[in-house]
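In the UniProt record's numbering, the protein residues as written are 1 to 422. Below: the structure, in C-alpha cells.
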Amino acid sequence: MERILALIDGNSFYCSCERVFDPRLEHRPVIVLSNNDGCAVARTAEAKALGIGMGEPFFKIRDLCRREKVAVFSSNYELYGDMSRRMNEIYRDFTPDVETYSIDESFIDLTHAPFRSVVEAARDLRSTVRRWVGIPTCVGLGPTKTLAKLANHIAKKNPDLDGVCDLSSDEARAAWLPWVAVEDVWGIGRASAVKLRRIGVGTAAQLRDLDLRRGRELLTVVGERLIAELRGLPCIDLEIVPPQRKGCAVTRSFSERIVAKADMHEAVAAYVTRLGEKLRRHGLATSHLSVFMHTSRFAGEDEQPYSASTTVHLPEATNDTLALLAAGRRAVDALWRQGPRYAKAGVMTTDLVEPEFAQRSLFLPEDYKSVELMEALDRINKRFGRGTIAPAAAGIRKPWATKFEMRSPRYTTRLDELPRVC
DNA sequence: TCTGGGGTCCTAGGACCC
DNA sequence: TCTGGGGTCCTAGGACCC
Numbered sequence: 001m002e003r004i005l006a007l008i009d010g011n012s013f014y015c016s017c018e019r020v021f022d023p024r025l026e027h028r029p030v031i032v033l034s035n036n037d038g039c040a041v042a043r044t045a046e047a048k049a050l051g052i053g054m055g056e057p058f059f060k061i062r063d064l065c066r067r068e069k070v071a072v073f074s075s076n077y078e079l080y081g082d083m084s085r086r087m088n089e090i091y092r093d094f095t096p097d098v099e100t101y102s103i104d105e106s107f108i109d110l111t112h113a114p115f116r117s118v119v120e121a122a123r124d125l126r127s128t129v130r131r132w133v134g135i136p137t138c139v140g141l142g143p144t145k146t147l148a149k150l151a152n153h154i155a156k157k158n159p160d161l162d163g164v165c166d167l168s169s170d171e172a173r174a175a176w177l178p179w180v181a182v183e184d185v186w187g188i189g190r191a192s193a194v195k196l197r198r199i200g201v202g203t204a205a206q207l208r209d210l211d212l213r214r215g216r217e218l219l220t221v222v223g224e225r226l227i228a229e230l231r232g233l234p235c236i237d238l239e240i241v242p243p244q245r246k247g248c249a250v251t252r253s254f255s256e257r258i259v260a261k262a263d264m265h266e267a268v269a270a271y272v273t274r275l276g277e278k279l280r281r282h283g284l285a286t287s288h289l290s291v292f293m294h295t296s297r298f299a300g301e302d303e304q305p306y307s308a309s310t311t312v313h314l315p316e317a318t319n320d321t322l323a324l325l326a327a328g329r330r331a332v333d334a335l336w337r338q339g340p341r342y343a344k345a346g347v348m349t350t351d352l353v354e355p356e357f358a359q360r361s362l363f364l365p366e367d368y369k370s371v372e373l374m375e376a377l378d379r380i381n382k383r384f385g386r387g388t389i390a391p392a393a394a395g396i397r398k399p400w401a402t403k404f405e406m407r408s409p410r411y412t413t414r415l416d417e418l419p420r421v422c
C-alpha cells in the first residue's frame, strides 16, 4: 500500500489568528510584524496585492499601510502558539501519525485513515479546523513529504482547487509539476535555484527529471534526496516523536541601541534567564555558553561596525540560571568595547545533554538546592506569568526591551484578556 | 530614525591517531 | 626525483526552513 501524506497549514497563519477574534478584519488587508515591529512576516492576500513583500521593513511601508487602511499587528506569539496547539489536537483526533513541523504546518500520515478517499479526508480536516478553531487552511497530498509540500503550494496558488491538491497519482504530477517554478520546491533556496537555472532546470518537473548523480554534484546529497522525493520515492521520514533538540538560543535586537555596559549586562542576563527556562522546560543542560553582541548590519559608513562573540566553559553541565548568569557576565566583560552602538546580542548553546547523563565534576558537590530553587522559580512564573520572579541582574526598567506596540490581546491564554462580546 | 528569531543539516579542511 | 594509507573528530561556513 503506497504511503499517502498530507501537509496542512494555515493560510497567512498569524493574520488568520487575528481575524478569528475580530471579524471586521475579514476582506481587509492585514499584516503581522516581527519582533520590535521590525518587518512584515505575515500578510493576507489583500496585503500581498498591495505589494507588501515578505520581510519588508515596516518603516518603508508605514505610509502605504496608513493610506490603504492596512490592519497592522505586532506578533502575539502566545495567541498563535495556542491556536496552533488546538489545530494539532484536531489532527491527532484523526490519527496519531502527526508530525508538527512548524507553528502552522503539520504532516499527517493518511495511509490508514478510515475514509473513502484521501481527498475526502483532507476536506474533512479543513472544514473541521475552520469550524472548531476558525483558521482557513490548505492541504497538499502526496506519497512523499516533498510532494505533499508541493501539492500544498499548488493548492494555495490555485483558489479553484478549493484548498486541496492531490499529487498522489502520476497523472496529477505530470499535469502540475511543469507549472511550478524550481525555487518553489521545498529545499530549493536562492543559491540552489541559481545553480539549477544555469543548467536549464527551471521547473519542478525538470528537477524531478534531472540525473541523480548530476543532482548530487550540484546540490550535495540533499539535492539527490530531493529529486528522489519528487519522483515519489520517500527519503524523508515522518518525525512523529520530535528528536531531542541539539541547540538552544535566545537572541534579540534591542528596541533602542545599547551604549552603556550596564545595559548590556542586563540585556544578556535577561536572555540568559530565558535560556535557562527553555533548557529546563526541555529537561536539558549545557556546559558552555556562547555570547555575542554586534552593531547594526544596516549602520551607515560613519558608524564603526563591531561584532564579537565568545564561549564560556562551565565546570559541569547545568541549567541553573544563576550558574549561567555568572558565565554570561564573564562573557560580556570579555567582549565589551565602549563606543559602538550595539543593536543586537544573544546567548547560544550547542551540545545539549540530559543532566542525568552529563559528566559530573570530581570537585563540585551535588547542589540539590539549585534544582529546588529553579523548580520553585519555574512554578511561580508558570502560575503568575513569565517574569513574575526574575534575577535582579536581568534589569527592571529595560529601555532596550523588545517592543510590541500593536499587539492584540492574548484572548485564549489570559483570563484578563478574554474577548468581550457586547 | 526605523531593517526578526530560532532551528537543522551538510561539506571541507585541519588536527590528530596508528 | 623520490615523500603511505587509512581512520576520527572538531570547527567554520554555507544553505535551507518557517
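Idealized CB from N, CA, C, for every residue including glycine.
Contact between His294 and Ser307 holds: their C-beta atoms lie close to 4 Å from each other, under 8 Å. For Leu7, the enclosing beta strand (DSSP E) begins and ends at 5–10.
The three-state secondary structure of Gly187, taken from DSSP, is coil.
For Ala175, the closest C-alpha among the options Asp166, His265, Val182 is that of Asp166. Going by beta carbons, Gly232 and Asp170 fall inside the 9 Å limit.
Residues of the same chain with a CB within less than 8 Å of the CB of Tyr411, apart from the 5 flanking positions on each side, are Phe21, Leu79, Glu417, Leu418, Pro419 in chain order.
The C-alpha of Pro136 lies about 44 Å from the C-alpha of Leu322.
With fewer than 16 other CB atoms across the displayed protein chains lying within 10 angstroms of its CB, Ser117 is exposed. For Glu68, the closest alpha carbon among the candidates Lys48, Pro29, Met87 is that of Pro29. For Val98, no alpha helix (DSSP H) encloses it; the enclosing beta strand (DSSP E) starts and ends at 98–102. With contact defined as three or more Cβ pairs closer than 8 Å, the stretch 312–331 and the stretch 364–372 are in contact. A Cβ-Cβ contact shorter than 9 Å links Gly346 with Arg252. Your pair Leu33 and Phe73 checks out as a contact, with CB atoms roughly 7 Å apart and the cut at 8 Å. A direct Cα-to-Cα measurement between Glu217 and Ala45 gives close to 38 Å.
Rounded to whole angstroms, the gap between the alpha carbons of Arg126 and Val119 is 11 Å. For Lys344, the enclosing beta strand (DSSP E) starts and ends at 342–349. In this structure, Glu105 and Asp237 do not form a Cβ contact; the two beta carbons are roughly 16 Å apart against a cut-off of 8 Å.
By the C-beta density criterion, Lys246 is exposed, having fewer than 16 other C-beta atoms within 10 angstroms.
Take Pro315, set aside five residues on each side of it, and the residues of its chain with a beta-carbon closer than 7 Å to its own are Ser361, Leu364, in chain order. With fewer than 16 neighbouring CB atoms inside 10 Å of its own CB, Thr350 falls in the exposed class. Here Cys422 is exposed. Its C-beta has fewer than 16 other C-beta atoms within 10 Å. Taking all protein chains shown into account, Leu212 has fewer than 16 neighbouring C-beta atoms within 10 Å of its C-beta and is therefore exposed. Taking a contact to require three or more Cβ pairs closer than 8 Å, the stretch 259–266 and the stretch 333–343 qualify as touching. The alpha-carbon separation between Arg43 and Phe58 amounts to approximately 12 Å. With contacts defined by Cβ atoms closer than 9 Å, Val180 and Ala155 do not form a contacting pair. Distances from the CA of Leu377 to each of His112, Ser290, Arg274, Val98 were compared; the closest alpha carbon is that of Arg274. Here the alpha carbons of Thr311 and Met348 stand approximately 9 Å from one another.
Val272 has its alpha-carbon roughly 20 Å from the corresponding atom of Val259. Under the three-state reduction of DSSP output, His313 falls in the strand class. Annotated three-state conformation of Ala401 is coil, per DSSP. Distance check between Phe357 and each of Arg330, Ala331, Ala317 places Ala317 closest, using alpha-carbon atoms only. DSSP places Ala121 in the uninterrupted alpha helix (DSSP H) bounded by 118–132. In this structure Pro340 is buried. Its beta-carbon is surrounded by 16 or more other beta-carbon atoms within 10 angstroms. In the three-state reduction of the DSSP assignment, Gly276 falls in the helix class, which pools H, G and I. The C-beta separation of Val194 from Val182 comes to about 10 Å, leaving the pair out of contact by the 8 Å criterion. Between Leu230 and Thr146, the beta carbon gap of about 6 Å places them in contact (Cβ cut-off 8 Å).
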